[in-house]
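The next block holds one structure in the form of structure tokens; read it before the comments.
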Amino acid sequence: MDKVDIILDINGAAHEVTVEPRRTLADVIRDDCGLTGTHIGCEHGVCGACTVLVDGAPVRSCLMFAVQAHRKRIRTVEGLQQGAVLHPLQQAFIDHHALQCGFCTPGFLMLTVGFLERKQHVSEEELLDVLSSNLCRCTGYENIVKAVKAAALQMSASK
Amino acid sequence: MSTQLKDNRGTGIGASVPRLEDGPLVTGRGQFAGDISFPRQLHMRIVRSANAHGLLKSVDVTEAKALRGVVAVWTARDIENVPPIDFREGPNEKLAPFRQSVLARDRVRYVGEPIAAVFATDPYIAEDAADLVAVEIEELPVIVDASAPVADFADGLTTEATICRQGYGDVDAGFRNAAHIIEIDVAIGRHSGVPLETRGAIGRYSAARDVLELHGAAKVPHRNRESLARMFGRSTAAVHCYEGQVGGGFGIRGEIYPEDILVLLAAMRLGRPVKWLEDRREHMIAANQSRQQRHIIRAAVDADGRLLGIDDRFFHDQGAYIRTHGTRVAETACGILPGPYRLPNFRVACHFRLTNKTPAATYRAPGRYETNFVRERLMDAIAKKLGLSRVEVRLRNLLQPADMPHERPLTALGDEVVLDSGDYPGLLAKALARCGWNDLEREVKARREQGELIGLGLAVYVEKSGLGPTDGAHIHVHDSGDIEVITGGASVGQGFETVIAQVCADKLGVDYRRVRVVHGQTDRIEYGIGAHATRATVMTANATAVAAGKVRAKALDMASQLLQTDPRRLSIIAGHVVRLDAPDQPLMALGEIANHLRPTSKTRGGREPGLGADGWFDTAHMTYPYGVQIALATIDRGTGGVNIEKMLIGFDVGRAINPVLVRGQIVGGFAQGLGGALFEEFQYDERGQPLSVTFADYLLPTVHEIPQVDVMITEDAPSATNPLGIKGAGEGGIAAVGAAIASAVDDALGDIATVASLPIKPQWLKAVIDAYTAVSP
Chain A
1 MDKVDIILDI NGAAHEVTVE PRRTLADVIR DDCGLTGTHI GCEHGVCGAC TVLVDGAPVR
61 SCLMFAVQAH RKRIRTVEGL QQGAVLHPLQ QAFIDHHALQ CGFCTPGFLM LTVGFLERKQ
121 HVSEEELLDV LSSNLCRCTG YENIVKAVKA AALQMSASK
Chain B
160 MSTQLKDNRG TGIGASVPRL EDGPLVTGRG QFAGDISFPR QLHMRIVRSA NAHGLLKSVD
220 VTEAKALRGV VAVWTARDIE NVPPIDFREG PNEKLAPFRQ SVLARDRVRY VGEPIAAVFA
280 TDPYIAEDAA DLVAVEIEEL PVIVDASAPV ADFADGLTTE ATICRQGYGD VDAGFRNAAH
340 IIEIDVAIGR HSGVPLETRG AIGRYSAARD VLELHGAAKV PHRNRESLAR MFGRSTAAVH
400 CYEGQVGGGF GIRGEIYPED ILVLLAAMRL GRPVKWLEDR REHMIAANQS RQQRHIIRAA
460 VDADGRLLGI DDRFFHDQGA YIRTHGTRVA ETACGILPGP YRLPNFRVAC HFRLTNKTPA
520 ATYRAPGRYE TNFVRERLMD AIAKKLGLSR VEVRLRNLLQ PADMPHERPL TALGDEVVLD
580 SGDYPGLLAK ALARCGWNDL EREVKARREQ GELIGLGLAV YVEKSGLGPT DGAHIHVHDS
640 GDIEVITGGA SVGQGFETVI AQVCADKLGV DYRRVRVVHG QTDRIEYGIG AHATRATVMT
700 ANATAVAAGK VRAKALDMAS QLLQTDPRRL SIIAGHVVRL DAPDQPLMAL GEIANHLRPT
760 SKTRGGREPG LGADGWFDTA HMTYPYGVQI ALATIDRGTG GVNIEKMLIG FDVGRAINPV
820 LVRGQIVGGF AQGLGGALFE EFQYDERGQP LSVTFADYLL PTVHEIPQVD VMITEDAPSA
880 TNPLGIKGAG EGGIAAVGAA IASAVDDALG DIATVASLPI KPQWLKAVID AYTAVSP
């Protein structure tokens with residue numbers, strides 16, 4: 001299969017890669033760019049573990065081809081932390097015990113960051129609707145909701 | 160002494176400190192199986208049977224082999240010397256013929272059974288090549304119902320692999336003397352752990368060290384190392400398993416599967432590391448399923464509703480082969496079924512049957528989720544028959560604190576059942592008071608009169624934990640003052656590192672953040688039984704406590720020489736030796752003492768080198784936590800949808816090391832249990848074709864489905880079997896959810912129908928409601 005040269009801008013760094021057009025964005029982020037924080041849980045767009053931000057919007061990277069993301073601005077979980085300081089949402093996940101195995105966590109973080117950054121005030125109902133896009137098998141969601149609420153308050157206060 | 164305990168309690172036992180595990184996980188720096196790669200690695204793809212039962216006529220790999228990038232394609236013929244995957248507990252002659260071959264030989268028995276393995280330089284190419292393998296199968300009749308008549312499994316063998324029997328007393332006499340006999344026929348659906356991370360295995364052979372390595376190991380690395388060594392005819396010194404981060408275990412992950420054997424074999428034969436990652440569809444047809452049983456169970460009771468005997472006959476749907484657990488789930492079901500009740504006579508027979516479905520094994524609370532549902536359905540039926548309240552019938556039958564320890568001539572997980580401690584009526588009373596049961600009953604009555612389908616349900620249950628008999632840990636203090644606790648435990652995401660660090664911190668006198676907990680690395684410690692059967696915290700924590708006590712004593716002994724002080728006047732606080740009369744003045748850091756104990760140290764004296772110690776903990780029996788679950792449910796007449804308005808879980812853990820983590824286990828377990836009660840089911844059609852192969856067909860609960868859960872953790876009955884008094888919390892959340900939800904939905908249905916199977920799906924509810932409304936509008 002003919003390969004294509006593309007440039008992916010991930011967390012501000014340009015990754016020049018040569019890929020088959022059929023390679024998913026998730027696989028290229030993980031295997032070609034070496035950023036394995038983006039996880040693959042179902043490969044059919046339901047679980048949301050592979051969620052990344054593409055031009056600010058949450059995207060299931062298992063349902064997108066890497067060639068479609070050429071020159072787009074991609075953010076992954078590795079880009080949330082600023083130096084030694086965790087993103088408020090990352091810290092909130094730790095503080096509220098919002099993860100157990102942690103496999104779904106990057107997807108929940110990116111989903112929520114993408115949502116909270118674009119939204120000033122969030123109702124409980126909206127929040128639950130957004131969080132219901134992703135699956136967690138360990139926590140029963142209780143602490144994810146708590147963590148996201150706490151971080152939402154903090155993020156809107158610092159806006 | 161009191162000062163020391165108080166000061167270290169900041170991060171020790173009982174403190175809800177943040178987890179040590181979380182840093183890498185929230186920053187995307189964990190190392191799950193998929194994240195592990197080695198130079199020059201090959202990728203494996205499995206060709207699986209598309210038929211549920213048939214004769215394997217031919218497998219043509221010519222075209223697949225010709226594809227550029229393909230290194231090898233194997234069928235059963237290429238691995239004829241490899242034995243079937245054996246049972247973890249060792250050989251079992253009777254069950255041996257039902258074991259699964261690594262690749263199907265002459266028959267396939269379920270959709271998803273591995274037939275061929277493709278090895279290629281790229282996972283996409285491996286998948287392309289797998290599609291080119293031509294498989295010819297002559298279909299045979301299938302069995303999809305374990306209670307259907309038995310058929311032939313192979314020449315001279317039927318699909319009833321064995322019958323597991325347990326019991327005691329004179330059951331027939333119990334039934335002869337009964338005032339009432341109540342019989343129910345109930346079934347539990349097929350569901351499983353379905354972790355968010357699918358399985359993965361990376362095999363690597365180091366010729367330089369002559370060591371065969373399995374990366375991506377989980378749950379029972381040490382036991383698996385022994386099994387793998389046996390299968391490959393290698394010394395355990397030449398086989399190692401390595402656990403990284405694990406994306407959920409729940410029983411299914413970490414067992415030895417055909418794919419694990421194939422990557423290891425290929426790594427040796429092809430001379431390159433071999434990586435295999437399961438895709439989700441594969442997971443739904445290849446990884447262990449669980450739960451499915453049908454029980455025909457009778458109770459004999461006296462005129463007051465007291466149990467005189469239980470006689471149970473059940474069919475266990477094992478699927479196509481018997482995997483590593485053997486009959487463990489069925490045996491546990493038999494041994495644990497009586498639960499928290501006084502039961503003078505008991506008889507159970509499990510028909511352990513093979514069907515043409517994906518093989519079954521353990522899923523969190525194996526044998527208990529099933530039997531709690533069965534037994535509590537039976538208790539509800541007794542209450543109904545005798546016109547007693549559901550609470551009253553339980554109160555009349557619960558074991559009392561004075562009955563403890565209560566020995567039952569039964570076994571679960573090969574361990575004699577001795578309920579070690581507990582106040583079952585006390586916990587029930589607390590739970591009823593906490594949820595305001597009487598008020599809820601009045602509310603239900605009032606809302607029912609308004610036309611709502613609303614009901615209350617409850618379940619009382621006993622859990623088991625801390626399967627022994629023995630576990631060990633080694634603690635070593637580094638010169639830096641950092642402490643390594645090397646365990647043979649395993650972490651499946653439950654917070655193992657944190658709780659072990661807390662126990663070490665508590666007993667040694669350090670901050671838990673200075674403690675590094677090693678797990679799942681067979682080259683770091685010789686023995687270990689991993690994390691299963693809710694045993695890790697009970698067994699490994701107690702072993703850690705023993706080791707920490709020894710290290711503490713050695714540190715104080717060394718310090719007393721250096722400080723010229725009686726060791727009884729010294730303590731360790733926050734990693735420093737202090738005098739008891741001046742606890743705020745650190746005299747010497749633990750790292751400094753470790754330095755004095757180096758092999759070359761002149762101050763060491765006659766002491767053995769190193770500030771470290773081994774600790775071993777032995778237990779004669781498991782320890783039994785217990786719980787009460789109460790649910791308030793409504794049913795939507797229009798859709799058949801169930802809404803859980805209130806949920807209470809009361810659970811006695813003896814002693815909680817980290818209450819926030821315990822709560823996390825309970826709530827997380829509840830969510831899984833709710834899935835099995837209302838949504839999750841591996842369905843098969845009459846030809847044995849799996850219908851639940853995506854997350855669109857197999858419904859995991861989302862945040863919308865999970866109600867607020869009121870968790871009441873009690874510490875009324877510390878375990879009598881271990882010094883820390885702890886009982887495991889891993890499975891208490893899930894164990895009785897099916898039972899409690901069924902009780903509530905059944906109550907909501909009233910005369911409309913009786914809940915006799917899980918999951919209780921909206922299609923069924925709507926059908927029975929519509930049918931009832933049609934005849935009595």
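Heads up: the protein sequence lines correspond to chains A and B, in order. The numbering of the first sequence is our numbering, which starts it at 1 and goes up by one. The numbering of the second sequence is our numbering, which starts it at 160 and goes up by one. Beta carbons are placed, not taken as given, at the ideal position from N, Cα and C, and that holds for glycine.
In chain A, what lies closer than 8 Å to Asp-856 of chain B by C-beta?
Residue 856 of chain B sits at position 697 when you count from the first residue of the second sequence. Per Cβ cutoff of 8 Å: no residues; Asp-856 of chain B is ~10 Å from chain A at best.
Contact list for Thr-186 of chain B against chain A, beta-carbon separation under 8 Å
By 1-based counting over the second sequence, the position of residue 186 of chain B is 27. Within 8 Å Cβ-Cβ: Gly-37, Val-77, Glu-78, Leu-80, Gln-81, Leu-86, Gln-90.
On the criterion of 16 or more Cβ atoms from any shown chain inside 10 Å, does Ile-420 of chain B qualify as buried, or is it exposed?
Looking up residue 420 of chain B in the second sequence gives position 261. Buried, since its Cβ has 16 or more Cβ neighbours within 10 Å.
Which partner residues of Glu-566 of chain B appear in the DSSP bridge assignment?
By 1-based counting over the second sequence, the position of residue 566 of chain B is 407. Answer by DSSP bridge pairing, in chain order: B:Val-577.
Among the candidates B:Gly-887, B:Asp-740, B:Glu-767, B:Met-781, whose CA atom is the shortest distance from the CA of Pro-628 of chain B?
Here residue 628 of chain B refers to the residue found at position 469 when the second sequence is read from its first residue. Among B:Gly-887, B:Asp-740, B:Glu-767, B:Met-781, the Cα nearest to that of Pro-628 of chain B is on B:Met-781.
Could you tell me whether any non-hydrogen atom of the ligand NAP is closer than 7 Å to the CB of Arg-673 of chain B?
The model on display carries no ligand, and the ligand NAP is accordingly not part of it.
Between Val-651 of chain B and chain A, is any beta-carbon pair separated by less than 8 Å?
The count along the second sequence starts at 1 and reaches residue 651 of chain B at position 492. Chain A places a beta carbon closer than 8 Å to that of Val-651 of chain B, counting this residue as a contact.
Return the first residue and the last residue of the alpha helix (DSSP H) that Lys-920 of chain B is part of.
For the purposes of this step, residue 920 of chain B is taken as residue 761 along the second sequence, with counting starting at 1. Per DSSP, Lys-920 of chain B belongs to no alpha helix (DSSP H) and is neither H nor E.
If you reduce the DSSP assignment to three classes, tell me which class Ser-132 of chain A lands in.
Residue 132 of chain A sits at position 132 when you count from the first residue of the first sequence. Here Ser-132 of chain A carries a coil assignment [DSSP, helix/strand/coil].
Should Trp-775 of chain B go down as buried or exposed, given a rule of 16 or more other Cβ atoms within 10 Å for buried?
If you number the second sequence from 1, residue 775 of chain B lands on position 616. Burial call: exposed.
Pull up the distance between the alpha-carbon of Gly-173 of chain B and that of Phe-810 of chain B, whole angstroms please.
Taking the second sequence and counting its residues from 1, one reaches residue 173 of chain B at position 14. Taking the second sequence and counting its residues from 1, one reaches residue 810 of chain B at position 651. Taking the straight line joining both Cα atoms gives about 16 Å.
Is it buried or exposed, Arg-783 of chain B, if we count other Cβ atoms within 10 angstroms and call 16 or more buried?
Here residue 783 of chain B refers to the residue found at position 624 when the second sequence is read from its first residue. The identity of residue 783 of chain B in the sequence shown is Tyr, whereas the question assumes Arg. Tyr-783 of chain B counts as buried, since no fewer than 16 other beta carbons sit within 10 angstroms of its beta carbon.
Endpoints, beta strand (DSSP E) assigned at Thr-629 of chain B
To locate residue 629 of chain B, count along the second sequence from 1; it is residue 470. Taken as a continuous stretch (DSSP letters only), the beta strand (DSSP E) holding Thr-629 of chain B covers 629-636.
Determine the chain A residues that contact Val-868 of chain B at a beta-carbon separation under 8 Å, and present them in chain order.
In the second sequence, the residue the question calls residue 868 of chain B occupies position 709. Per Cβ cutoff of 8 Å: Gly-140, Glu-142.
At a Cβ threshold of 8 Å, is Ala-830 of chain B touching chain A?
Stepping through the second sequence from its first residue, residue 830 of chain B is reached at position 671. Yes, its Cβ sits closer than 8 Å to a Cβ of chain A.
Around the C-beta of Tyr-686 of chain B, are 16 or more other C-beta atoms found within 10 angstroms, so that it is buried, or is it exposed?
As a working mapping, residue 686 of chain B is identified with position 527 in the second sequence. Burial call: exposed.
Cβ neighbour criterion (16 or more within 10 Å) applied to Pro-308 of chain B:
The residue labelled residue 308 of chain B in the question sits at position 149 within the second sequence. Pro-308 of chain B should be labelled exposed.
Proximal chain B residues relative to Glu-43 of chain A, where beta-carbon distance stays under 7 Å
Taking the first residue of the first sequence as position 1, residue 43 of chain A is located at position 43. Chain-order list of chain B residues neighbouring Glu-43 of chain A: Asp-438, Arg-439, by C-beta distance under 7 Å.
Where Met-717 of chain B and Cys-42 of chain A are concerned, what is the direct C-alpha to C-alpha distance, given to the nearest angstrom?
Looking up residue 717 of chain B in the second sequence gives position 558. Looking up residue 42 of chain A in the first sequence gives position 42. Met-717 of chain B and Cys-42 of chain A have their C-alpha atoms some 56 Å from each other.
Exposed or buried, what is Thr-317 of chain B when buried is set at 16 or more other beta-carbons lying within 10 Å of its beta-carbon?
In the second sequence, residue 317 of chain B corresponds to position 158, counting from 1. The residue is exposed, with fewer than 16 neighbouring Cβ atoms inside 10 Å.
Segment limits, alpha helix (DSSP H) that includes Tyr-583 of chain B
To locate residue 583 of chain B, count along the second sequence from 1; it is residue 424. In the DSSP annotation of this structure, the continuous segment of the alpha helix (DSSP H) that includes Tyr-583 of chain B starts and ends at 583-594.
With a cut-off of 8 Å on the beta carbons, I'd call Gly-614 of chain B and Ala-792 of chain B a contact; round off their distance for me.
As a position in the second sequence, residue 614 of chain B is number 455, starting the count at 1. As a position in the second sequence, residue 792 of chain B is number 633, starting the count at 1. At roughly 6 Å, the Cβ-Cβ gap stays under 8 Å, so Gly-614 of chain B and Ala-792 of chain B are in contact.
Straight-line gap, Val-819 of chain B to Gln-867 of chain B (C-alpha atoms, nearest Å):
For the purposes of this step, residue 819 of chain B is taken as the residue at position 660 of the second sequence. For the purposes of this step, residue 867 of chain B is taken as the residue at position 708 of the second sequence. Using only the alpha carbons, I get a separation of about 16 Å.
Where DSSP assigns a beta bridge to Tyr-843 of chain B, which residues make up the other side?
Sequence index remark: in the second sequence, residue 843 of chain B carries index 684 (1-based). Its beta-bridge partners are B:Pro-849.
Among B:Ala-702, B:Gly-359, B:Leu-721, B:Arg-727, whose alpha-carbon lies nearest the alpha-carbon of Ala-712 of chain B?
As a position in the second sequence, residue 712 of chain B is number 553, starting the count at 1. Closest option to Ala-712 of chain B, Cα to Cα, is B:Arg-727.
What are the boundary residues of the beta strand (DSSP E) that includes Tyr-785 of chain B?
Counting from 1 along the second sequence, the entry for residue 785 of chain B is found at position 626. Its beta strand (DSSP E) spans residues 785-794.
Cβ pair Ile-684 of chain B, Ala-714 of chain B closer than 8 Å:
What you label residue 684 of chain B is simply residue 525 of the second sequence in a count that begins at 1. What you label residue 714 of chain B is simply residue 555 of the second sequence in a count that begins at 1. It is not a contact, given that the beta carbons lie outside the stated cut-off.
For Asp-219 of chain B, three-class secondary structure by DSSP
To locate residue 219 of chain B, count along the second sequence from 1; it is residue 60. Strand.
Considering only the alpha carbon of each residue, which of B:Leu-262, B:Ala-338, B:Asp-265, B:Ile-361 lies closest to Gly-193 of chain B?
For the purposes of this step, residue 193 of chain B is taken as the residue at position 34 of the second sequence. Measuring from the Cα of Gly-193 of chain B, the nearest candidate turns out to be B:Ile-361.
Would Asn-336 of chain B be called buried (16 or more neighbouring beta carbons within 10 Å of its own) or exposed?
If you number the second sequence from 1, residue 336 of chain B lands on position 177. It is exposed - the Cβ of Asn-336 of chain B has fewer than 16 other Cβ atoms within 10 Å.
Compute the distance between the beta-carbons of Ala-836 of chain B and Val-896 of chain B, then report whether it is under 8 Å.
On the second sequence, residue 836 of chain B is found 677 positions in, with the first residue counted as 1. On the second sequence, residue 896 of chain B is found 737 positions in, with the first residue counted as 1. Going by C-beta atoms, Ala-836 of chain B is nearer than 8 Å to Val-896 of chain B.
Give me, in chain order, the residues of the same chain whose beta-carbon lies closer than 8 Å to that of Ile-803 of chain B; leave out the 5 immediate sequence neighbours on both sides.
Against the second sequence, residue 803 of chain B aligns to sequence position 644. Around Ile-803 of chain B, the same chain offers Ala-790, Leu-791, Ala-792, Leu-833, Pro-866, Ile-900, Ala-903 as residues with beta carbons nearer than 8 Å, after the five sequence neighbours per side are excluded.
Only counting the same chain, and skipping five residues up and downstream in sequence, which positions put a Cβ closer than 6 Å to that of Tyr-141 of chain A?
As a working note, residue 141 of chain A is residue 141 in the first sequence. Taking Tyr-141 of chain A as the centre and dropping the five residues before and after it, the same chain places no C-beta closer than 6 Å to its C-beta.
Output yes or no for whether 8 Å exceeds the beta carbon distance between Gln-661 of chain B and Asn-817 of chain B.
Indexing the second sequence from 1 puts residue 661 of chain B at position 502. Indexing the second sequence from 1 puts residue 817 of chain B at position 658. Taking 8 Å as the Cβ cut-off, Gln-661 of chain B and Asn-817 of chain B qualify as a contacting pair.
Range covered by the beta strand (DSSP E) that runs through Glu-298 of chain B:
For the purposes of this step, residue 298 of chain B is identified with residue 139 of the second sequence, where counting begins at 1. Segment 293-298, the beta strand (DSSP E) holding Glu-298 of chain B.
Output the distance between the C-alpha atoms of Phe-511 of chain B and Ala-519 of chain B, rounded to the nearest integer angstrom.
Translated into positions along the second sequence, residue 511 of chain B becomes position 352. Translated into positions along the second sequence, residue 519 of chain B becomes position 360. Their Cα atoms are separated by approximately 11 Å.
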